[in-house]
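Step one of this worksheet: look at the structure below.
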Amino acid sequence: MESSLFLFNTLSRTRELFEPINPPFVGMYVCGPTVYGDPHLGHARPAICFDLVFRYLKHLGYKVRYVRNITDVGHLEHDLDEGEDKIAKKARLEQLEPMEVAQYYADRYFIFMDALNVKRPSIEPRASGHMIEQIEFVKKILDAGYGYEVNGSVYFDIEKYSKTFQYGKLSGRVLDDLLANTRELEGQDEKRNPADFALWKKAQPEHIMRWPSPWSDGFPGWHLECSAMGTRYLGEFFDIHGGGMDLLFPHHESEIAQNQSALGHESVKYWMHNNMVTINGQKMGKSLGNFITLDEFFSGSHASLIQAYSPMTIRFFILQAHYRSTLDFSNEALQAAEKGLKRLFAAIGILDHLTVHDSRITDHDSRITALRDACYEAMNDDFNSPIVIANLFEGVRIINSVNDKKESISAEDLELLKKTFNTFVFDILGLKSELSGDNSDYLKGLMELVLNIRQSSREKKDWGTSDQIRDALQKLEITVKDGKDGSTWELGK
RNA sequence: GGUAUCGUGGCCGAGUGGUCAGGCAGAGGUCUGCAAAACCUCGUACAGCGGUUCGACUCCGCUCGAUACCUCCA
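Counting the first sequence from 1 gives a position; my numbering is that position plus 1.
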């Protein structure tokens, strides 16, 4: 467990040495999706980024409890809606039960995250299932004197809070600016201050998602579920809280204020935020309507896509950028990722069968050791997956050169290379082969027969037959590669 | 307007005060019956202008440009 993992803490805006509060245990909370629409590329980014964090922490030997919530209530459409809930609005449009909508899109989310090989978190709590915890949390804030009730709704008193604590410390905001710059919106007359946010909202008669509370039949405020469920499952102190950068303010800022008020202290040691996916330089998001769903990526059924892109292509594409940088989507970039990934996996296929040709070779100053160390170094430096991938491609070059007998490798190094690739490609980066899984002896036997026939026609310089076989196999998506020691084949174009 | 981030070669994208990121595309070569694959070589990249420095793409200042957040958004 002796590691020197550094991660960038949004709170301090510096890389900090990761020291868990209670090693070997690590508590990690990540903001999950609001389930009222099909997951798009933007949803894939935090899921994959924190999957990388989850996988690496486990690889280092930590016992990680990873909590990612499902938001199925509570987020207001906006203040003007007088409490209309996103889920409820969608339900009215489709004449479905709100929970039916939430269930449908939650299931869709799971299906697509599974396809991306994102590990399921330890717990995926739903906001609707934690009303009691949320109501209790509001009570605590009221008891501490940082909330006030108006007409059945409860608001957080930012002005009072700011006398003792610093609202805005996470996002670098100054309270005076917040007060000066918050737009005047209708329906805010209940608030003492425009910057105050709702902890509990009284439901209007037409509002169908509602729960009883000491203040009114209503629903919880925007930021409450994470405070309540984080505390419920990870305790009053936990290690990592993650989410998209767009949640920094006001969501996470308010979460800090809620926890500080209710518990008397903050809860999170390290705040991590992934950057956005952009399209034509602009954030891909629900509100801009410029998003492409994962379903559309996988099927190629979107006007902006010139082809379909597989789940692993998407995953690789995302991992090729550092999580704190914006990542610009384009067909060209995704095609580059697709080809690069193919090359990586072709080399892995060779690696499995690679043998040492000259047993006398010993390489005391091992390149492979350096390569492995560079991978760990990159991961320890704030999860720098692009550097890991760059090093893996150095390994690809070595694998191919050894395979071509242009370079030699010691048995020791070969073992280490296999282990390094297994660890980083599969365990940590979470990539997997997408070749159709027919590895049956049946197919292998058949292919051996076909290639033997082709080989004899080649020996007779019967290129017509030889090429005919190769072309026919290509149509079946079996690629034949001729080498010095005869031909090999692989599934895929 | 406020807060924050960023501007790297045809594209995507790392990184650093003084040798190399990497992938894709492109050019040339090796290999090959051809093709594919693979390997080797190649491109005077760091928005602009000043400053600090023996030396800056990297530090500082300014200018220009882009983005995010300030309303739900991953």
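Beta carbons: idealized from backbone N, C-alpha and C, even for Gly.
Distances from the alpha-carbon of C32 to those of K59, D115, R127 and K87 put R127 closest.
Below 8 Å, too few C-beta pairs join the stretch 203 to 218 and the stretch 242 to 261 to call them touching: fewer than three. For N404, the enclosing alpha helix (DSSP H) begins and ends at S386 to N404.
V426 sits close to I349, with the two beta carbons spaced by under 8 Å.
Spatial neighbours of L417 in its own chain (CB-CB distance under 6 Å, excluding positions within 5 residues in sequence) are listed in chain order as I369. DSSP places P21 outside both helix and strand once states are collapsed to three, so it counts as coil. Sorting E226, T165 and R193 by C-alpha distance to the C-alpha of I71 places E226 at the top.
When Cβ pairs closer than 8 Å are counted between the two stretches, the stretch 37 to 45 is seen not to touch the stretch 7 to 15, the count staying below three. Judged by pairs of C-beta atoms under 8 Å, the stretch 327 to 335 touches the stretch 273 to 289, as three or more such pairs exist.
Ranked by Cα distance from M132, the options L200, G146, A107 and A89 are led by L200.
In the DSSP assignment, G62 falls outside any beta strand (DSSP E), carrying neither H nor E. Contact between the stretch 231 to 240 and the stretch 196 to 211 is not established, with fewer than three Cβ pairs separated by less than 8 Å. By the Cβ rule, the stretch 48 to 58 counts as touching the stretch 312 to 324, because three or more pairs are nearer than 8 Å. The beta-carbon separation of E267 and Q261, rounded to 5 Å, stays under the 8 Å limit for a contact. When Cβ pairs closer than 8 Å are counted between the two stretches, the stretch 444 to 457 is seen to touch the stretch 467 to 483, the count reaching three or more. Secondary structure note for Y156: its beta strand (DSSP E) is the uninterrupted segment S154 to F157. Between Y63 and P25, the CB-CB gap stays under 8 Å. In the structure shown, the three-state DSSP call for L430 is coil. In terms of Cβ geometry, Q321 and I390 form a close pair [threshold 8 Å].
Apart from sequence neighbours up to five positions away, the residues of its chain that approach R233 with a beta-carbon distance below 7 Å are H131 and E134, ordered along the chain.
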